[in-house]
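Under the UniProt record's numbering, think of the first position of the sequence shown as 1, with each following residue one higher. We treat Cβ as the ideally placed atom computed from N, Cα and C, and that holds for glycine. These numbers were taken from a predicted model, which means no experiment stands behind them. Each remark here refers to the structure printed beneath this line.
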Amino acid sequence: MAALVAVGILSAGCSQGAYPLDIFYEMHYQPSYRVHEPPRLSPPESAVPWYGSTPPQPTSFAGSGKHLFEVNCVMCHGAAGQGDGPVLARMAVDYGYRTTDAPLLNPILTSPVATGLDRDALRGVLNGGVNVMPNFSKLLTPDQIELVLDYVQGCIQQGDAAACHIELRSPRSAGAICVSLARVIYEAFSWHRGVLGAGLLVAILAGVAMGYAGGAVFAQSDGVEGAPAAYDEAEAQAIDRMLMCPVCPAESIDQAQVPLARQMRAQVRQLLGDGASRDEVLDWFKARYGPSIVAEPPRSGFNLIAWIVPGVALIAGLAGGVLALLSMRRRTDDETASNLSDVDPALQPYLAAVDRDLALDAGDREGRNDG
């Protein structure tokens, strides 16, 4: 009896969850309830989701080594590569960072140490990082790293103007130059000196304005990223429900609220905006996280068992139940027949008399009911 009670307690305790052992199960492995979730916040339009070794890259300024250098390198190396960037200066003043302890720690790109490095060595520094310099292989594509190397070696170290990719000035800078030029001309040719000075002033201002207006239009049309590509939000949410969160047990990225799930949702919308189909988006994630990232296993190979076994088990269960019912019915019929055949022949006359009496009683009751 004690053994049965112990088995009952253990079975009741083990049936609380889907896991072999639940410790504080009210705090772990709980499904997500949407009524408890905060409203979903869309990522900023300018944000670039990144996770893994190959981040998606924006198309604007992709061919400008100067722009890549300004975004990633100027804060330490300075605009001219003299190691006078504001971030490096702050580290040297506030934290005592020293940049001349080793040759590769010299941030001056025009120093003999830096100019003595060949392209492979510079590429290794960019890809591997040195001290406080980060590993740019996770931030830039190989083509962008080559553009940075072209700019550093061609423009900064050799002074090649073609490698510097001098950008056209914006309309605001053109207007400022026009104002400054007008002041200079006005001081040189005052209005009281005649019509020649006024005409010269108007001609110069008109020419400068027209020239910079054309340059400004070209600058605006070159490298300016347009509006984000449209995508179907319903399709994006459907794909979110098909992808599992790598760090959340039994939750899709549509349910999980961890930063990784938010990055994956943003990546789904990025791929859809680029024109990828649902299968292409799923293949993109499977290539980076493995087939298990998809909630629905593929219907091929070893994973086909996951689709066949449940159906086979259901059919086998139904067939077993039908056979069990038929066996029970057959056993009941056999027991009834065996009970009738086991009656002592000497008792047959008495049993027949009892049957007749019962029949007569039934007939009398029916007659009285009819009367």
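By how many angstroms is the C-alpha of residue j removed from the C-alpha of residue i?
| i | j | result |
| --- | --- | --- |
| R356 | V322 | 40 Å |
| D283 | G85 | 43 Å |
| C245 | R278 | 18 Å |
| K66 | P44 | 26 Å |
| D232 | E296 | 22 Å |
| S111 | R288 | 41 Å |
| A266 | C76 | 31 Å |
| V268 | V247 | 18 Å |
| A346 | R330 | 29 Å |
| I293 | L139 | 24 Å |
| D143 | V258 | 32 Å |
| R40 | D274 | 22 Å |
| Q237 | P134 | 35 Å |
| F136 | G83 | 18 Å |
| A250 | L260 | 15 Å |
| D254 | E70 | 37 Å |
| G154 | P291 | 45 Å |
| V87 | N127 | 21 Å |
| G320 | V281 | 43 Å |
| K286 | E146 | 29 Å |
What three-state label does DSSP hand residue i in the structure shown?
| i | result |
| --- | --- |
| S252 | strand |
| V309 | helix |
| M244 | strand |
| V125 | helix |
| L325 | helix |
| P142 | helix |
| S277 | coil |
| E45 | coil |
| M133 | coil |
| Y350 | helix |
| L318 | helix |
| V268 | helix |
| A114 | helix |
| R288 | helix |
| R172 | For R172, the predicted structure reports a pLDDT of 42, less than 50, and the residue's modelled location is therefore unreliable. A value from the coordinates is still provided. In the structure shown, R172 sits in a helix (DSSP, three-state: H, G or I). |
| D84 | coil |
| G159 | coil |
So if DSSP puts residue i in a beta bridge, which residue, or which two residues, is it bridged to?
| i | result |
| --- | --- |
| V294 | L243 |
Does the beta-carbon of residue i have 16 or more other beta-carbons within 10 angstroms, so that it is buried, or is it exposed?
| i | result |
| --- | --- |
| A313 | exposed |
| Q348 | exposed |
| D240 | buried |
| Q158 | exposed |
| V309 | exposed |
| R256 | Note on residue identity: the sequence assigns Ala, not Arg, to residue 256. Classification for A256: buried. |
| V152 | buried |
| V354 | exposed |
| G81 | buried |
| A359 | exposed |
| G311 | exposed |
Contact the region 74–93 vs the region 118–125: 3+ CB pairs below 8 Å: no
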